[in-house]
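A.B. asks: Residue numbers (my numbering): 383 to 605.
Glycine residues also receive a C-beta, built at the ideal position from the N, C-alpha and C atoms.
Since the structure is predicted, the reported quantities are computational estimates derived from the model, not experimental observations.
Provided herewith is a single structure, encoded as structure tokens, for subsequent inquiry.
If you want it as structure tokens, here you go:
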């Protein structure tokens, strides 16, 4: 019984975290799925595995809309929540519409991104990033292990320059002495800190001259 409760909590926590990363709310996601505003809070999060297995079997279109709202492929959903299905839900390319985005890309540790002819650009096919124009997006290629297991060396993270830098969000920060770094923003005792998901790396205070460039909106996993 204890293991079941822990599994439910893990899945619910992963879904809440994803909603926050995308700058959404539970009522908004519920409405995007076509349900009442309280649907996610009252019918899914208390028992995510039971609710989502039911949707997978009985309401596959609702399940697909939920994945679309969370901008997760079925594989990413299972990896984040720990919920596995008897067989693949569906080829993700068959139901998640993608949009082609072209944006500047930099290496972690380099200077800030530039939107000009001298910049290096990358073209990515991503789930539609509603309300986010190409001129507001840039990508950073991860270097090192400071954000493991969330991000691994070689992953590409897409950032939105207009995103709200709230506690818990993954952000790209131009640190005046270390170039652009990817960290998780947290607030403690009235001050802002940059945390690594890898506990081997200690948190760093957000310096007076450090600049938050954007918040993470998508991850392209290294192959």
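Three or more C-beta pairs closer than 8 Å, one from the region 540 to 549 and one from the region 559 to 576: is that the case here?
C.D. replies: yes
A.B. asks: Taking only the alpha-carbon atoms, compute the straight-line gap between residue 599 and residue 451 and give it to the nearest angstrom.
C.D. replies: 13 Å
A.B. asks: Report the partner residues of residue 486 according to the DSSP bridge assignment.
C.D. replies: BP columns for residue 486 point to 503.
A.B. asks: On the DSSP letters alone, give me the boundaries of the beta strand (DSSP E) that residue 597 sits inside.
C.D. replies: Residue 597 -> beta strand (DSSP E) spans 593 to 602.
A.B. asks: Any idea if residue 454 is buried or exposed, counting beta-carbon neighbours within 10 angstroms, 16 or more meaning buried?
C.D. replies: buried
A.B. asks: Strictly by DSSP, which residues pair up with residue 586?
C.D. replies: 576
A.B. asks: Whose CA, out of 491, 499 and 487, lies closest to the CA of residue 505?
C.D. replies: 487
A.B. asks: Compare the C-alpha of residue 397 against each of 436, 460, 441 and 419 and name the closest.
C.D. replies: When only C-alpha atoms are compared, the closest one is 460.
A.B. asks: When we look at the beta-carbon of residue 514 and count the other beta-carbons within 10 Å, is it buried (16 or more) or exposed?
C.D. replies: Residue 514 should be labelled buried.
A.B. asks: Roughly how many whole angstroms lie between the Cα atoms of residue 525 and residue 585?
C.D. replies: Roughly 17 Å between the two C-alpha positions.
A.B. asks: Can you find the residues in the same chain that come closer than 7 Å, C-beta to C-beta, to residue 542, ignoring five residues on each side of it along the sequence?
C.D. replies: 514, 518, 519, 596, 597 and 599
A.B. asks: With DSSP collapsed to three states, give me the class of residue 558.
C.D. replies: coil
A.B. asks: Mind reading off the beta-carbon distance from residue 539 to residue 601? Whole number of angstroms is fine, and I expect it under 8 Å.
C.D. replies: 6 Å
A.B. asks: By DSSP's criteria, residue 565 is part of a beta bridge. Which residues make up the other side?
C.D. replies: 553
A.B. asks: Strictly by DSSP, which residues pair up with residue 521?
C.D. replies: By DSSP's assignment, residue 521 forms a beta bridge with 487 and 540.
A.B. asks: Can you tell me where the alpha helix (DSSP H) holding residue 431 begins and where it ends?
C.D. replies: Its alpha helix (DSSP H) spans residues 430 to 440.
A.B. asks: Using a Cβ-Cβ cut-off of 6 Å (strictly less than) and excluding sequence neighbours within five positions of residue 523, which residues of its own chain qualify?
C.D. replies: 489 and 538
A.B. asks: Quick one: using the 10 Å Cβ neighbour count with 16 as the cut-off for buried, is residue 456 buried or exposed?
C.D. replies: With a threshold of 16 other beta carbon atoms within 10 Å, residue 456 meets it and is buried.
A.B. asks: Is residue 511 helix, strand or coil when you go by DSSP?
C.D. replies: coil
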